[in-house]
Every structure is written in C-alpha cells, then in structure tokens.
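Here's the structure, in structure tokens; my notes come after.
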Amino acid sequence: MARFTVLIAAAVLAVLVAAPVPEVTAKKYLVGDKKFWNPNVSYTAWAQGKHFYLGDWLYFVYYRELHNILEVNKTDYESCISTHPIRNYTRGAGRDIVPLNVTKQYYLLDGRGGCRLGMKLTVTVENLPPPPKSAPVKSH
283 MARFTVLIAA AVLAVLVAAP VPEVTAKKYL VGDKKFWNPN VSYTAWAQGK HFYLGDWLYF
343 VYYRELHNIL EVNKTDYESC ISTHPIRNYT RGAGRDIVPL NVTKQYYLLD GRGGCRLGMK
403 LTVTVENLPP PPKSAPVKSH
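Just so we're on the same page, the working numbering is the position in the sequence shown counted from 1, plus 282.
Here it is, written out as structure tokens:
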C-alpha cells in the first residue's frame with residue numbers, strides 16, 4: 283500500500299512540474315526610450331501600442347533642475363495645470379519611478395513648463411490578462 287501511495291504522489295508531482303506556468307513579471311518602461319523625459323517628444327506616440335499592467339513601472343530620466351513628474355487629474359492634464367497635483371513623483375535625482383500599482387488612468391506631466399512643450403503622458407493600467415488555457419489532454 284505504501285508503494286502505491288508513493289507512486290501516486292510521484293505521478294501527481296510529475297504532472298505539476300510538467301504543467302506550464304506563465305511567467306508573470308513586472309515590466310520597466312523607460313519613458314521616451316532614448317529621448318527620455320524631454321520637451322518636444324510625442325509621449326502619446328511613445329505609449330501607443332504598449333500595454334501597461336498592474337505591477338509595471340515607468341522610469342523617467344530627465345534634467346532635475348528643469349523638470350519634474352506630477353500626477354494630476356484629467357482636467358488639469360488637458361490644460362497643463364500643475365498647481366494641485368495628486369502626487370509628486372520627483373525625488374530630486376532626475377531618475378524617478380512611477381509604480382503602476384493601481385488599475386486606473388494615470389495622468390502625468392511636467393509641472394515646470396514642459397507640459398506645454400509636450401511633456402505629458404497618460405497611460406491606462408490594466409489587470410494582467412488570464413494565462414492561456416492549456417490544450418485538453420487526449421485520452422487513448
């Protein structure tokens with residue numbers, strides 16, 4: 283009986299090990315790619331075609347003396363108003379991270395004048411899609 287139990291446990295373990303497990307990792311996005319966070323860059327074009335998921339993060343590289351990163355509401359985003367931000371992600375080094383830890387629309391802009399020169403970005407953060415379904419096992 284003990285030998286049968288060991289065989290069953292080994293079979294179950296083999297199935298669990300062989301089952302595909304989707305890799306779920308957060309993705310880091312360098313905002314603007316090699317153009318970084320600068321005026322006269324189309325961040326709408328940069329974000330186009332990208333999917334931002336819960337747990338991802340945005341990495342901003344910029345001149346700390348000239349720019350910052352503020353989260354604002356939609357109305358302030360559209361009008362480039364930065365006087366009452368929801369959150370200031372600027373930490374002073376010019377290398378700052380915005381963690382995408384809530385499924386929502388983020389409205390980000392430069393509050394030191396760069397917004398009117400295109401330094402604004404909006405992204406929609408979604409839940410991770412469900413893992414693909416495995417193919418049914420054929421029985422003989």
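Just so you know, even glycine gets a beta-carbon here, dropped at the ideal spot from N, CA and C.
Here the structure is a predicted model, which means the values were calculated and not measured.
Q) Short check: CB of Leu-403 to CB of Leu-390, under 7 Å? A) yes
Q) Taking Cβ to Cβ, would you say Ile-351 is nearer than 7 Å to Tyr-325? A) no
(Q) Counting C-beta neighbours from all protein chains within 10 Å, is the total for Ser-361 16 or more, i.e. buried, or is it exposed? (A) exposed
Q: Would you tell me roughly how many angstroms separate the C-alpha atoms of Arg-346 and Gly-396, rounded to the nearest one?
A: 12 Å
Q) Does DSSP classify Glu-347 as helix, strand or coil? A) coil
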